[in-house]
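Visitor: Chains A and B supply the protein sequences, listed in that same order. Residue 141, in this note's numbering, is where the first sequence stops; the numbers in between run on with no holes. Residue 116, in this note's numbering, is where the second sequence stops; the numbers in between run on with no holes. In this text, a Cβ means the ideal position worked out from N, Cα and C, and glycines have one as well.
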Amino acid sequence: GDSVTQMEGPVTLSEEAFLTINCTYTATGYPSLFWYVQYPGEGLQLLLKATKADDKGSNKGFEATYRKETTSFHLEKGSVQVSDSAVYFCALSDGGTASKLTFGTGTRLQVTL
Amino acid sequence: EAQVTQNPRYLITVTGKKLTVTCSQNMNHEYMSWYRQDPGLGLRQIYYSMNVEVTDKGDVPEGYKVSRKEKRNFPLILESPSPNQTSLYFCASSPAQGRQPGRQYFGPGTRLTVL
Numbered sequence: 029g030d031s032v033t034q035m036e037g038p039v040t041l042s043e044e045a046f047l048t049i050n051c052t053y054t055a056t057g058y059p060s061l062f063w064y065v066q067y068p069g070e071g072l073q074l075l076l077k078a079t080k081a082d083d084k085g086s087n088k089g090f091e092a093t094y095r096k097e098t099t100s101f102h103l104e105k106g107s108v109q110v111s112d113s114a115v116y117f118c119a120l121s122d123g124g125t126a127s128k129l130t131f132g133t134g135t136r137l138q139v140t141l
Numbered sequence: 002e003a004q005v006t007q008n009p010r011y012l013i014t015v016t017g018k019k020l021t022v023t024c025s026q027n028m029n030h031e032y033m034s035w036y037r038q039d040p041g042l043g044l045r046q047i048y049y050s051m052n053v054e055v056t057d058k059g060d061v062p063e064g065y066k067v068s069r070k071e072k073r074n075f076p077l078i079l080e081s082p083s084p085n086q087t088s089l090y091f092c093a094s095s096p097a098q099g100r101q102p103g104r105q106y107f108g109p110g111t112r113l114t115v116l
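Here you go:
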């Protein structure tokens with residue numbers, strides 16, 4: 029079945045540092061890939077997405093590129109802020125069962141001054 | 002404002018006492034889903050519904066029931082809760098397949114503790 033693997037957290041960075049959160053996936057066919065973010069005490073919200081190979085999703089300074097050859101969708105940001113502290117989930121949708129999402133385990137990011 | 006609402010936000014109960022967590026969306030979405038979030042396991046789907054009166058099991062349906070009598074509501078029912086159902090629960094909705102594949106709108110979560 030489909031699966032998503034994320035790097036273990038927590039990740040602790042100083043403000044303005046570069047961020048990478050690794051995500052790899054296993055799926056049949058051509059899934060769509062997503063990053064969702066969960067701020068403290070809130071539900072998940074979509075951060076960015078990519079629907080086909082070599083697509084780059086971007087939002088709020090975050091980027092991720094759909095790499096079919098390495099089955100990866102790593103999240104990057106050039107300069108993190110304290111307000112980016114949250115849990116980040118990589119997810120895929122195989123387009124089969126409606127909008128079913130398969131999530132990774134989540135990576136907690138803590139940004140300090 | 003487009004949103005998914007859940008009630009209650011926090012609930013402490015005892016083993017075996019039936020409970021219902023409500024979920025409502027105001028976006029006229031066809032698809033609704035329930036997830037549980039546990040440390041180290043991410044989000045796992047419990048049940049989903051493609052439309053009114055159409056529901057199906059997700060990855061971890063044991064011990065849960067759902068119903069979809071109206072398009073906007075999708076309650077989660079625990080007939081006889083047990084301590085292993087202590088978790089953070091999220092309801093989500095999305096438009097029908099094809100319009101926004103994989104794009105789901107999440108509620109704020111319900112933290113359930115079963116003693």
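Give me, in chain order, the residues of the same chain whose beta-carbon lies closer than 7 Å to that of P109 of chain B; leave out the 5 immediate sequence neighbours on both sides.
Guide: The count along the second sequence starts at 1 and reaches residue 109 of chain B at position 108. These residues qualify, in order along the chain: Q7 and R10.
Visitor: Which one of A:L103, A:D82 and A:G29 has the shortest CA to CA distance from Y64 of chain A?
Guide: Locating residue 64 of chain A in the first sequence gives position 36, where the first residue counts as 1. When only C-alpha atoms are compared, the closest one is A:L103.
Visitor: Residues of the segment 21–47 of chain B in Cβ contact with chain A at a cutoff of 7 Å, in chain order, please.
Guide: Within the segment 21–47 of chain B, the qualifying residues are Y32, G41, L42, G43, L44 and Q46.
Visitor: Which residues, in chain order, does the segment 55–78 of chain A contribute to contact with chain B at a C-beta distance below 9 Å?
Guide: Residues passing the 9 Å Cβ filter: P59, S60, L61, F62, Y64, Q66, G69, E70, G71, L72, Q73, L74 and K77.
Visitor: Can you have a look at I47 of chain B and say buried or exposed, based on whether 16 or more other CB atoms are within 10 angstroms of its CB?
Guide: Residue numbering aside, residue 47 of chain B sits at position 46 when the second sequence is read from its first letter. With 16 or more other Cβ atoms within 10 Å, it is buried.
Visitor: Anything in chain B within Cβ reach of F46 of chain A, meaning under 9 Å, just list it in chain order.
Guide: Walking along the first sequence from the start, residue 46 of chain A turns up at place 18. Neighbours of F46 of chain A on chain B: none; closest Cβ ~25 Å, over 9 Å.
Visitor: What is the residue span of the beta strand (DSSP E) that T85 of chain A lies within?
Guide: The count along the first sequence starts at 1 and reaches residue 85 of chain A at position 57. A small fix is needed here, since residue 85 of chain A is Gly in this sequence, not Thr. Taken as a continuous stretch (DSSP letters only), the beta strand (DSSP E) holding G85 of chain A covers K84 to N87.
Visitor: Assuming contact is defined by CB atoms lying nearer than 7 Å, are R95 of chain A and V115 of chain A in contact in what I supplied?
Guide: Working through the first sequence from its first residue, we reach residue 95 of chain A at position 67. Working through the first sequence from its first residue, we reach residue 115 of chain A at position 87. No. Outside cutoff.
Visitor: Mind checking who S25 of chain B pairs with in its DSSP beta bridge?
Guide: Reading the second sequence from its first residue, position 24 is the one you call residue 25 of chain B. Paired residue(s): B:T6 and B:N74.
Visitor: Compare the C-beta of R104 of chain B against all C-beta atoms of chain A and say whether one is closer than 7 Å.
Guide: Within the second sequence, the letter at position 103 stands for residue 104 of chain B. Closer than 7 Å to some Cβ of chain A, the Cβ of R104 of chain B qualifies, so yes.
Visitor: If V53 of chain B and E71 of chain B are in contact, beta carbons under 8 Å, what's the gap, nearest whole angstrom?
Guide: Position 52 of the second sequence, counted from the first residue, corresponds to residue 53 of chain B. Position 70 of the second sequence, counted from the first residue, corresponds to residue 71 of chain B. About 7 Å separates the two Cβ atoms, so the contact holds.
Visitor: Under 8 Å by Cβ, that's how I've got R45 of chain B and Y90 of chain B pegged, so tell me the actual separation to the nearest angstrom.
Guide: Against the second sequence, residue 45 of chain B aligns to sequence position 44. Against the second sequence, residue 90 of chain B aligns to sequence position 89. About 11 Å; that fails the 8 Å criterion.
Visitor: Between the C-alpha atoms of Q66 of chain A and D112 of chain A, what's the straight-line distance to the nearest angstrom?
Guide: One-based indexing of the first sequence puts residue 66 of chain A at position 38. One-based indexing of the first sequence puts residue 112 of chain A at position 84. If you take the alpha carbons of Q66 of chain A and D112 of chain A, they lie about 10 Å apart.
Visitor: Could you give the C-beta distance for L77 of chain B and T21 of chain B, rounded to a whole number, given that I count them as a contact under 8 Å?
Guide: Counting from 1 along the second sequence, the entry for residue 77 of chain B is found at position 76. Counting from 1 along the second sequence, the entry for residue 21 of chain B is found at position 20. Yes, L77 of chain B and T21 of chain B are in contact; Cβ-Cβ is about 7 Å, under 8 Å.
Visitor: Would you mind sorting A92 of chain A into buried or exposed? The rule is 16 or more other CB atoms within 10 Å of its CB.
Guide: Sequence index remark: in the first sequence, residue 92 of chain A carries index 64 (1-based). A92 of chain A should be labelled buried.
Visitor: Give the secondary structure of N52 of chain B by DSSP, where H, G and I count as helix, E and B as strand, and everything else as coil.
Guide: Along the second sequence, read from residue 1 onward, the residue named residue 52 of chain B stands at position 51. Residue state, collapsed to three classes: strand.
Visitor: Starting from E104 of chain A, follow its DSSP beta bridges and name the residues at the other end.
Guide: Taking the first residue of the first sequence as position 1, residue 104 of chain A is located at position 76. In DSSP, E104 of chain A forms a bridge with A:T48 and A:E91.
Visitor: Check each residue of the segment 108–120 of chain A: if its Cβ is closer than 8 Å to any Cβ of chain B, include it; give the result in chain order.
Guide: Against chain B - using a Cβ distance shorter than 8 Å - the residues of the segment 108–120 of chain A are F117, A119 and L120.
Visitor: Return helix, strand or coil for D39 of chain B, following the three-state DSSP convention.
Guide: Within the second sequence, residue 39 of chain B is the residue found at index 38, counting from 1. Three-state DSSP puts D39 of chain B in a strand.
Visitor: Could you have a look at D122 of chain A and say whether DSSP puts it in helix, strand or coil?
Guide: Here residue 122 of chain A corresponds to residue number 94 of the first sequence, with the count starting at 1. In the structure shown, D122 of chain A sits in coil (DSSP, three-state: anything other than H, G, I, E or B).
Visitor: Do L120 of chain A and L61 of chain A come within 7 Å of each other at the CB atom, strictly closer than that value?
Guide: The residue labelled residue 61 of chain A in the question sits at position 33 within the first sequence. The residue labelled residue 120 of chain A in the question sits at position 92 within the first sequence. Going by C-beta atoms, L61 of chain A is nearer than 7 Å to L120 of chain A.
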